[in-house]
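Under our numbering, think of the first position of the sequence shown as 3, with each following residue one higher.
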Amino acid sequence: GVYLDEGSGYLYVSQIDGQPGEKDGKGRISKLGLDGSVVAADWATGFNAPKGLRSFGGTLWVADIDEVIAIDITSGKITSRMTIAGAKFLNDLATGADGTVYVSDMMTNRIHAIKDGKAAVFAEGEQLEYPNGLFVDGERLIVGGWGKPEADFTTKVPGHLYMLDLKTKQKTLITRQPLGNIDGVEQEARGGYLVTDYMAGKVLQVSPAGESRL
3 GVYLDEGSGY
13 LYVSQIDGQP
23 GEKDGKGRIS
33 KLGLDGSVVA
43 ADWATGFNAP
53 KGLRSFGGTL
63 WVADIDEVIA
73 IDITSGKITS
83 RMTIAGAKFL
93 NDLATGADGT
103 VYVSDMMTNR
113 IHAIKDGKAA
123 VFAEGEQLEY
133 PNGLFVDGER
143 LIVGGWGKPE
153 ADFTTKVPGH
163 LYMLDLKTKQ
173 KTLITRQPLG
183 NIDGVEQEAR
193 GGYLVTDYMA
203 GKVLQVSPAG
213 ESRL
C-alpha cells in the first residue's frame with residue numbers, strides 16, 4: 003500500500019517483506035518524499051504484513067492481518083493496536099468524515115468499522131464479493147470486490163466496483179459487469195476512480211457511469 007498524507011506532504015509505504023498472511027514481525031512502514039527520496043526506510047516497525055494505509059487527524063491507520071494499528075504521524079510511534087475479532091486477512095482502510103475507520107477483510111467477506119476505540123462489523127456476506135479496496139466518497143463507501151478466491155487467489159468470477167450507502171448499507175453497482183480482482187481504489191479529480199487489478203497487473207480508470215478503460 004502507498005498513501006499520500008497531505009498534512010505532512012509525505013508518502014507512506016507498507017512493506018510486507020514476507021508472506022501476506024504470515025505473522026513474522028518483518029513488516030514495516032517506510033516514509034518517502036514526493037520526489038522518490040527515502041526519508042526513512044524503517045519509519046515504523048513491529049508489523050507483520052501491513053497492507054492498506056489511510057490517515058485522519060494526524061494518525062496513520064494500518065491494516066495488518068488481524069489488527070488495525072494507529073501511528074502518530076509526527077513522531078512515527080505506534081499509539082494503539084486493535085485486534086479485530088474473527089479477522090483473517092485485513093486488507094484496505096478508508097476513513098469517514100467523522101473519523102470512522104473502515105477496514106475490509108477479504109477472506110471473511112466482512113467490512114469492519116472502528117469508532118471511538120470500538121470495532122463492529124459494518125457489513126458482511128457474499129454480496130460484498132470478498133472486499134478489498136475501500137474509499138469513502140461522501141456518504142458512500144466505494145468498494146473493490148476481488149471475487150471468491152481459489153487457493154491461489156485466482157477467481158472463477160472477478161469482482162465489481164460498487165458502493166455501499168454508509169447509512170442504509172444498500173449496495174449499488176458502479177461497474178455493471180465484473181471488472182477484475184480489484185485491489186487498490188482511489189478517486190480521481192473528474193469524479194471517476196482509479197483501480198488496480200492485482201492478478202492481471204493492470205491499472206483501470208472507471209468513469210462515474212461505470213465505464214472502464216485500461
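We put the CB at the ideal spot given by N, CA and C, even for glycine.
Where the beta strand (DSSP E) containing residue i begins and where it ends
i, result
"Leu163", "163 to 167"
"Ile184", "184 to 189"
"Phe137", "133 to 139"
"Phe155", "It is not in any beta strand (DSSP E) - Phe155 carries neither H nor E in the DSSP assignment."
"Gly146", "142 to 147"
"Leu6", "4 to 7"
"Glu126", "120 to 126"
"Ser10", "From DSSP, Ser10 is part of no beta strand (DSSP E); its letter is neither H nor E."
"Lys117", "112 to 117"
"Lys25", "Lys25 -> no beta strand (DSSP E), and no H or E assigned at all."
Under 7 Å between C-beta atoms of residue i and residue j
i, j, result
"Gly146", "Leu95", "no"
"Ser214", "Val208", "yes"
"Asn183", "Asp199", "yes"
"Ala65", "Asn93", "yes"
"Ile80", "Ser10", "no"
"Ala89", "Ser82", "no"
"Pro151", "Pro180", "no"
"Gly186", "Gly119", "no"
"Ile86", "Ala121", "yes"
"Gly29", "Phe58", "no"
"Trp45", "Arg56", "no"
"Phe91", "Met108", "yes"
"Gly212", "Thr177", "yes"
"Tyr5", "Tyr14", "yes"
"Val70", "Val41", "no"
"Tyr164", "Lys173", "yes"
Whole-number beta carbon distance between residue j and residue i, since they are thought to touch under 8 Å
i, j, result
"Leu196", "Glu188", "5 Å"
"Met201", "Phe137", "The Cβ separation is near 20 Å, so there is no contact."
"Ser39", "Gln17", "16 Å between Cβ atoms; not a contact."
"Thr2", "Ile116", "This structure cannot settle anything about residue 2, because the visible part of the chain is limited to 3 through 216."
Residues that residue i bridges to, as DSSP identifies them
i, result
"Val211", "Reading off the sequence, residue 211 comes out as Ala, not Val. Ala211 is not bridged to any residue."
"Lys150", "None, per the DSSP bridge assignment."
"Tyr200", "Tyr200 pairs with nothing; no bridge assigned."
"Ser32", "Val15"
"Tyr107", "The displayed chain sequence assigns Asp, not Tyr, to residue 107. The partner list for Asp107 (beta bridge, DSSP) reads Leu92, Arg112."
"Thr174", "Met165"
"Leu206", "Val197"
Cβ-heavy atom distance, residue i to the ligand GTP, below 6 Å
i, result
"Thr174", "The model depicted lacks the ligand GTP and carries no ligand whatsoever."
Starting from the N-terminal side, write out each stretch of the beta strand (DSSP E) that is 3 residues or longer and does not extend beyond the segment 39 to 96.
40 to 49, 52 to 58, 61 to 66, 69 to 74, 80 to 85
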